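One structure below.
Residue numbers (my numbering): 10 to 732.
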C-alpha cells in the first residue's frame with residue numbers, strides 16, 4: 010500500500026467517511042491502522058513497514074490528541090524520505106503530557122517548520138498541514154503515482170514472491186456518497202427515484218481494460234488472472250508492457266471482479282475464442298410463489314413472538330386527501346406516521362429582542378413522526394447500532410444549529426373540553442412557548458408551565474434557540490415537547506409507544522387530546538392506494554376509523570376480527586399488478602398514515618410477477634425470496650444450453666425439471682442447463698433471495714441500511730444461449 014491512515018481522539022463518523030472518500034478518489038491503495046501497529050512499525054527505505062505491508066504516506070485526519078510515540082514515528086518516517094500529512098488541524102496535546110508536553114511542540118516544529126504549514130526535508134521526505142480532504146487529494150496526486158489506472162477500484166497485496174491485485178469495476182464498488190447516504194430522513198417516494206436510476210444503470214462490462222504500475226522486476230512478463238470464486242488461474246490478456254506500465258484486458262464474464270497476479274507462473278498461450286451462441290429471450294411475465302424468510306419465533310422482528318415467518322407487509326401508501334375546504338393533495342404516506350406539527354426554517358435571533366413566531370404561512374412544512382416509534386430513521390440510533398428495544402422520548406430533530414438561531418414549530422392542540430394542563434419542554438437552549446397567541450413561558454433547559462386550553466383547537470407555537478452556553482446546538486438529545494398532562498408524573502411523551510419499548514414509564518398524555526396543524530381542514534376524505542403483492546388473497550389491517558376497500562374497482566367486504574383487525578378476502582389472486590384502494594373519513598387530530606395502527610399485512614399464495622424491481626410489484630418491504638416459474642419448450646437438445654438471468658439484485662438459485670443447476674451470488678448470473686434439459690416441456694424455476702435491508706428501509710426507527718438496498722428482484726432480460 011501507499012497510504013496509512015490513522016485516527017485518534019474524538020471525530021465525527023461523517024468526517025471519517027469524507028476522508029475515506031477522498032483517498033478512494035485518488036486511486037491510492039490505503040489502510041487504516043491503530044496506534045499499537047504504528048508503535049511497532051519499522052522505518053525502512055522511506056516506508057512505514059508493519060505486518061508485511063509498507064506505506065509511503067502517514068496521514069493524521071483531524072487528530073487533536075495522540076500518543077507521543079505516534080509523532081516520533083512520523084518524524085522518523087520523514088527523516089527516511091517518507092511523507093506525513095496532518096489534515097484539518099495539527100495535534101494540540103499528547104496522551105502523556107497533554108497540551109503542555111514540550112515534545113509535542115518540538116516534534117511539530119521539526120515536522121512542519123517554524124510557520125507550522127509544512128516543510129520539505131533534506132532526506133526527500135516532507136510533512137504538511139492541509140485544510141481539508143480536497144487539499145489532501147490534490148497533494149497526494151502531485152506526489153504519488155496511483156498503482157492502477159482505469160475505471161476501477163484496486164487493492165494490492167504482496168504474498169511471498171507474488172504481487173496480487175483485486176480489481177473491481179467502479180460501477181460495482183460503493184462510491185463514497187453511498188456510504189454517507191444512509192436512510193436518515195428519506196421521504197416517501199425517494200426510494201422509487203433511486204430504484205429507477207439503478208435499473209437504468211448500464212450493466213457491468215464483460216471486458217475491462219486496466220493499467221498497473223510496475224514497481225518490481227517480477228511485474229514484467231508473466232501475468233495471470235484468477236477467478237475469485239473458484240481460484241482457477243489462467244493467463245491474462247496483456248495488451249502492452251512499456252513505460253513502467255502493464256496494460257491488461259480483464260475477462261469479467263465469470264465474476265464481477267478479477268484477481269491479477271504477477272510473478273506466479275510463466276506466460277501461457279491464450280485459449281481460442283468460443284463461437285457466438287444463438288440467443289432466445291424468455292417471456293417477461295412469470296408464475297411466482299413467495300418464500301418469506303423473516304423468522305419471528307424469538308420476537309426478533311415483532312413482539313410478541315410468533316411461529317413461522319411474518320406476513321408480507323406494505324408500509325407506504327399513496328394518499329389522496331380532500332379537505333373540508335375543498336383542497337386536494339396527493340402524497341405518499343407511511344402507515345403510523347403523520348405530520349402532527351409544522352416546522353419553519355430557522356430565523357436569526359436579534360440581540361436584545363424577544364423572538365416572535367413567523368406569521369407568514371409560506372415556509373411552514375409538515376414534520377412527520379409516529380406516536381408509536383417516534384422519528385423514522387432516527388439518527389440518535391447510529392451510536393448504538395439500532396434502537397436496542399427502546400423508543401427515545403425525543404421526537405423532533407432540527408439537526409445541528411449555530412448560536413443565535415431560533416428553530417420553530419407549531420400546531421393546534423384539540424381539547425374535547427376546557428382543561429387546565431401542563432406544557433413540558435425539554436431542550437439544551439432557550440425556550441419560548443405561546444398558547445393561543447399568548448407567551449406562556451420562556452427560559453432554558455427543562456420547563457413545566459401551567460396552561461389553560463379552551464374546548465376545541467388551541468394554537469401552540471414554540472421556539473428554541475442555541476445559547477452561548479450550549480454553543481453549536483444539536484437540537485436532539487433530551488429534546489421533547491408537547492407533553493400535555495393532568496397533574497400526574499411524567500411519562501413517555503408519545504402516547505402509543507408499546508410497553509415493551511417504553512423505558513420512560515407509562516405515557517401521561519392527557520386523554521382525548523390530539524394535535525393537528527390545520528384543524529380547519531377536517532374532516533378529510535382520504536383514499537389510500539397501493540399495489541398488491543403477487544398472489545395476495547387476504548388483507549389484515551388495524552385502523553382507527555371505519556374503512557371501505559376495493560381491488561381494481563371491485564368492492565371487498567371487510568369484517569372485524571376478535572383482535573379488532575379488519576379482514577378482507579381479495580379477488581383474483583393470480584392477477585397481475587392489482588391495485589388496492591381503501592377509503593375513509595379522518596376527523597381533526599387524525600392525519601395521513603396515522604389512521605393505520607400497523608402496516609397492511611397480506612397472506613399470499615401462487616400469483617404472477619413481471620421481470621423488474623420488487624418495489625413495482627407490491628414488495629417494497631418484503632424480505633425473503635421469490636420463486637419465478639416458467640415452462641420452456643425445446644424442439645431438440647442443443648450441444649450446450651446456458652441460462653443467462655441478465656441483471657439480478659440478490660442471489661439466484663436455478664432448477665430445471667427439479668434438478669439443481671447452481672447458485673450465483675453476483676453477476677454474471679449464468680447457469681449450465683445442458684445436463685438437465687429434455688426434449689419438449691421443461692419446468693424452469695428461479696429462486697431469487699434478497700436481504701433484510703428492505704424490511705428495515707421504511708417505517709422503522711433504525712437508520713441502518715443504504716438507499717441502494719431498495720432495489721431487489723430479477724431484472725432480466727432472461728435468455729437461453731444455444732451453442
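Cβ coordinates follow ideal geometry from the N, Cα and C atoms, glycine included. Everything numeric in this text was worked out from a predicted model, so none of it was measured.
Item to check | For residue 306, the three-state DSSP class (helix, strand or coil) | outcome: coil
Item to check | Counted within 10 angstroms of its Cβ, other Cβ atoms place residue 525 as buried (16 or more) or exposed | outcome: buried
Checklist entry - Count the other CB atoms within 10 Å of the CB of residue 168; is the residue buried (16 or more) or exposed (fewer)? => result exposed
Checklist entry - Just checking my contact of residue 336 with residue 609 at CB under 8 Å: how many whole Å lie between their CB atoms? => result That belief does not hold up - the Cβ atoms of residue 336 and residue 609 are roughly 26 Å apart, past 8 Å.
Checklist entry - Near residue 242, what residues of its chain come up, given a Cβ to Cβ distance below 6 Å and the 5 sequence neighbours on each side ignored? => result 233, 235
Item to check | One or two residues paired with residue 115 in a DSSP bridge | outcome: Looking at the DSSP assignment, residue 115 forms no beta bridge with any residue, so it has no partner.
Next on the checklist: So for residue 470, helix, strand or coil by DSSP?
Outcome noted: strand
Checklist entry - Okay, do the region 594-606 and the region 533-552 touch, 3+ Cβ pairs below 8 Å being the bar? => result yes
Next on the checklist: Distance check for residue 409 and residue 115, CA to CA, integer angstroms please.
Outcome noted: 37 Å
Item to check | Straight-line gap, residue 706 to residue 700 (C-alpha atoms, nearest Å) | outcome: 11 Å
Checklist entry - Which residues in the same chain have their Cβ closer than 6 Å to the Cβ of residue 551, if we skip the five residues on either side of it in sequence? => result 574, 606, 607
Checklist entry - Tell me, which residues are paired with residue 157 by DSSP? => result 221
Checklist entry - For the alpha helix (DSSP H) that contains residue 312, what are its first and last residues? => result Taken as a continuous stretch (DSSP letters only), residue 312 belongs to no alpha helix (DSSP H), as it is neither H nor E.
Checklist entry - Which residue's Cα is closest to the Cα of residue 96: 271, 419, 66? => result 66
Checklist entry - Since residue 731 sits in a beta bridge, which residues does DSSP pair it with? => result 287, 650
Checklist entry - For the alpha helix (DSSP H) that contains residue 151, what are its first and last residues? => result 142-152
Checklist entry - For the alpha helix (DSSP H) that residue 703 lies in, which residues bound it at each end? => result 702-706
Checklist entry - Under three-state DSSP, which class holds residue 373? => result coil
Item to check | As assigned by DSSP and simplified to three states, the class of residue 381 | outcome: coil
Item to check | Reference residue 650, options 83, 473, 731, closest by Cα | outcome: 731
Item to check | Pair within 8 Å by beta-carbon distance, residue 584 and residue 293 | outcome: no
Checklist entry - What three-state label does DSSP hand residue 554 in the structure shown? => result coil
Next on the checklist: Measuring only the C-alpha atoms, how far is residue 471 from residue 61?
Outcome noted: 60 Å
Checklist entry - Between residue 427 and the rest of its own chain, which residues show a CB-CB distance below 6 Å, the 5 nearest in sequence each way excluded? => result 463, 464
Next on the checklist: Counting C-beta neighbours from all protein chains within 10 Å, is the total for residue 386 16 or more, i.e. buried, or is it exposed?
Outcome noted: buried
Next on the checklist: Looking only at its chain, what residues have a beta carbon closer than 8 Å to the beta carbon of residue 560, apart from the 5 residues adjacent to it on each side?
Outcome noted: 541, 579, 580, 581, 587, 588, 589, 590
Next on the checklist: Would you say residue 641 lies against chain D (beta-carbon separation less than 8 Å)?
Outcome noted: Included in the structure is just one protein chain, with no chain D present.
Checklist entry - Under the DSSP definition of a beta bridge, which residues are partnered with residue 678? => result Answer by DSSP bridge pairing: none, since residue 678 is not bridged.
Checklist entry - Taking one C-beta from the region 89-106 and one from the region 51-59 each time, how about it: are there three or more such pairs within less than 8 Å? => result yes
Item to check | residue 248, enclosing beta strand (DSSP E) - first and last residue | outcome: 246-251
Checklist entry - Would you report the Cα separation of residue 146 and residue 40, rounded to the nearest angstrom? => result 15 Å
Checklist entry - Going by DSSP, which residues form a beta bridge with residue 537? => result 328, 591
Item to check | For residue 35: DSSP bridge partner residues | outcome: Per DSSP, none; premise fails for residue 35.
Next on the checklist: For residue 367 and residue 353, I'd like the C-alpha separation in whole angstroms.
Outcome noted: 8 Å
Item to check | Sub-8 Å separation of residue 333 and residue 569 beta-carbons | outcome: no
Checklist entry - Under the rule that 16 or more other beta-carbon atoms within 10 Å means buried, what is residue 414, buried or exposed? => result buried
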